[in-house]
Structure formats: C-alpha cells, structure tokens
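Heads up: the structure comes next, in structure tokens.
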Amino acid sequence: MTTPRPLTDTHMLGRFQALDSFLREHQALWRPRPFTQRQLPWESEHPALANWLRQRSLSEAEAAHNHPELLPAPQPFPQLAQVARQLSEVGELPAIELHSASHRLNVDVPGRKWQQIEAFASHLAFTHEPQHWLDWCSGKGHLGRRLLQADRQKLTCLEYNPVLVQAGHALSQHHGLPSQHLLQDVMADQACRQLGSEHTAVALHACGDLHVRLIKLASQQGCRQLAIAPCCYNRIQAAHYQPLSGAAIASGLQLSIDDLGLPLSETVTAGARVRRQRDESMARRLGFDLLQRQLRGVDEYLPTPSLPVSWLQKPFAGYCQELAALKGLHIDHTPDWAGLQALGWQRLAEVRNLELLRNLFRRPLELWLVLDRALYLQEQGYRVQLGVFCDQPLTPRNLMLMAERH
C-alpha cells in the first residue's frame, strides 16, 4: 500500500474538484440531520441500509463513531466509504528536529495541548528560517514560545483577552524571551498593522472567522510565511459559508452553519462522564421532541436552547414541563413519562446509527474547506503544502496548511 503524500500546488485543484463532485452528488445523504428529522429522505431510496442502521444499538453506534468506514453495512455504504477514504487521503508534512524545549516551557499547559504544540512545531519545515514569529490568537503564547530560538528570532503574540495577554507577558519575562504580547482583537480594522512581510504567522486551532481573517490579512500585508491548523469551521458571523478561492466560488456548493459543523462531530477526547452527560441530554431532548410534536400537532423539530448540566438532575417529567414552558407550550394531559423517556433513548440509538452515513462525509467536507483556503493562498502568490501534523487520536483537527511567498 502506497503511503499518502502531502498535497502540493500541482495536485490541489484536481483533488478539490473531485471532492466537490462527490459532495455535490451525494448532498441528499449528508445534509439531512437525523437528530431533527424522524424520517430521512434517503431512507426510501436505500431501505436495506436504513433498516440495518435503525436496528443497531447505541453502544454499536458509539463503537463505530470514529471509523464508520469499517462497518459491514449494506450498499451504498461500503462504496461511499471507499470513495470517501480515497478522496480524503493526505500524507504527513515533512518533519524537522526541534530544538529541545528548555525553561520548562510546558508548565501550565495541559498535556494534550502541549503534544499538539510539539507536533505542530515539528512540521514547520519552511524553506527559509523564520525571523519573526507572529502567534495569532495566541492565548498565553505557549506555541510562540516553543517556536522561539532566542538568539536569532523575535516573537509577537496577538490576543484579545487582557488576562491572557498579561499572563503570557509574565511567562515570557520569566523565561527571558524576546517577545511582545499585544492586546489585539484580530477582527478589528487595525489588526492589519500588526502583520508585515517579515512575519511568519502561525495559528494552531484558531476558530472559523479567526483563521480566515489571518489568511486574508497575511496575504494583503505580504507575510513571508504562514502555517495554520484550522478549527471550528462553523464559528462564522455570516449565515452561510463564504468561499474564498475561485474554484470554491465557481462550485456553487452552498454550506449552512449546520453543514459546517459536520467535520467537528468526531470526538476522541471526551471522558466517560462527559459522554454519559451528552447521551442523557440528547436522549431527553429527543424524548421532549416526540412530546412537542404531539402538543403542537406539527411533525417538525422545534429548536430548544442550550441547557445547563444541572437540568439533568431534574426528573424527566419536570425537565419536559419546564422546557415546554420555556417554549410556550401547554401540556394538557398526563403523558406516559417513563414510556416517553424510553422512546427518547431508542431514538438516540437510531439517530447515532443513522448519523454514521453522514459521518462518511466528515473528512471529505473538511478537506474541501481546507483546500478552499489553500487554493486562495495560491491565488495570492504563495507556494502551499497541505498535510497532517499528527495522528487523529491526538486531535481530529490535524490538517495543516503551510504557505511561503515565491
């Protein structure tokens, strides 16, 4: 089996177009959300697959969550899984040997986050050695300090939270590092003044609009180099996705906020307690969903607000009664609360298993989004590489863009 390689300038457009065709052809399979629709449009076309998925348990769905492509499901599931896997193949970016982390730089950094920083930093194999790092949405500046080689480089950290700016400045002073920590809302107009041609801008898991803002400003200001590991594609101000590159604009693929959340549905880090709370919350919502459809006489999903975890301590009847009151619904009879709660758990098992078909499209959609960013950078005169910087268990958001001016 051939080891996949990172995508470079010559291969990006072709891969993007193949992904675009795949996603557009199968929109009817990945757009509908089982959580909000009791019956999905594709079920009538693929009844054998729908029945197979609906009969599986919640624990079986959980076991297949991170690798749905391995399921022995009826067609068209295996065929779609194979194409999705082929289109999503991206190799690891070239690695470099990092200078050893001195001064106990990993103090005050959660272990998983520090491993992500190490992995990101060890793949910054730029053609020319950076002279001035710019840590975008830096928090306390842990990434920037890890990259800094004090004898010949500078560091600027941009962060909008004054508490984090102050803490980052204190840490850098403590380690005697040549860095400045600036209070800066990167979405503000004046943020462009912080970027220049001498900068190598880096962003590890800056959300949605924040990393797109860096891509645009770095291009406008002529930044020599940048490296981005995107995250949270759905954290945008616009109602729909705003494509960047000519190819994405020409595609015509319209993506809603809900669509942009699909790549983020994969979880690898949640502990058992968090998973139990998540399942309990979703099962209760699905039980309430069945009730509200009866009360309104409308077979449609009714959005409900995010609720604090403390609501899970309420009896199920009280939970539904208070949620109904929040939504202005009157319960004019005494429901079978135990039966309704059991149906909520049954619906959760069905939802999780039906979602496995959507999940085949998680990585193709994410790669489509990251390639849109890569193609835009190409159009701005950058030489671009796209690859992974760590294994999926460390973080599912393991795609990284590296760009250098010609």
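Sequential numbering of the sequence shown, starting at 117, is according to our numbering. Where is the CB? At the ideal position from N, CA and C, for every residue including glycine.
In this structure, L156 keeps its C-beta atom at 7 Å or more from the C-beta atom of P163.
The three-state reading of DSSP puts S313 in coil, since its state is none of H, G, I, E or B.
Within its own chain, the residues whose Cβ lies closer than 8 Å to the Cβ of Q408, once the five positions on either side in sequence are excluded, are L418, A440, K443, L445, listed in chain order.
For the options R351, P190, F138, S137, the alpha carbon positioned closest to that of E161 is the one of P190. Spatial neighbours of H239 in its own chain (CB-CB distance under 6 Å, excluding positions within 5 residues in sequence) are listed in chain order as L209, A211, F505. Ranked by how close their Cα comes to the Cα of T152, the residues L481, R468, R513, Q501 have R468 in first place.
In the structure shown, the three-state DSSP call for P346 is strand. The segment 240-255 and the segment 271-278 touch, with no fewer than 3 CB-CB distances between them shorter than 8 Å.
For L326, the enclosing alpha helix (DSSP H) starts and ends at 324-337.
Here the alpha carbons of V206 and Y349 stand approximately 19 Å from one another.
For the 7 Å CB-CB criterion, R463 and L515 do not form a contact. Every alpha helix (DSSP H) of 4 residues or more that sits fully in the segment 444-513 is shown, in chain order, as 453-475, 478-495. Rounded to the nearest angstrom, the gap between the Cα atoms of D224 and W230 is 10 Å.
Close CB contacts of H321 within its chain, under the 7 Å cut and outside five residues either way in sequence, are with A345, C347, R513 (chain order).
Secondary structure of K270 (DSSP, three-state): strand.
In the DSSP assignment, the residues bridged to V318 are D251, A343. In the DSSP assignment, the residues bridged to T124 are Q501. Here L481 is near L378, since their CB atoms are less than 7 Å apart.
Taking the CA atoms as reference points, A458 sits about 12 Å from M398. The segment 281-288 makes no contact with the segment 350-364, as fewer than three CB pairs between them are under 8 Å. Setting aside the 5 residues that flank it on each side, L311 is surrounded in the same chain by L250, A317, L333, A334, Q337, C339, each with a C-beta closer than 7 Å to its C-beta; the list follows chain order.
If you ignore the 5 residues before and after V281, its C-beta comes within less than 6 Å of the C-beta of E275, H297, L299, all in its own chain and listed in chain order.
Under DSSP, Q296 takes part in a beta bridge, and its partners are T272. Between D305 and N475, the alpha-carbon positions lie close to 38 Å from each other. The residues F132, P359, L360, S361, A363, A364, in chain order, have a CB closer than 8 Å to that of D488 in the same chain once the five nearest residues on each side in sequence are set aside. Taking the CA atoms as reference points, K270 sits about 55 Å from D405. If you ignore the 5 residues before and after P421, its C-beta comes within less than 8 Å of the C-beta of L442, all in its own chain and listed in chain order. The beta carbon of V425 sits closer than 7 Å to those of Q393, all from its chain and outside the five residues before and after it, given in chain order. Contact annotation: L428 and E382 have beta-carbon atoms that are not nearer than 7 Å. Bridge pairing for M518: A343, Q501 [DSSP]. With contacts defined as CB atoms closer than 7 Å, T511 and Q232 qualify as a contacting pair. Restricting attention to E234, Q494, E141, the CA atom closest to the CA of E213 is found in E234. One thing to note: A180 has its Cβ no nearer than 7 Å to the Cβ of L169.
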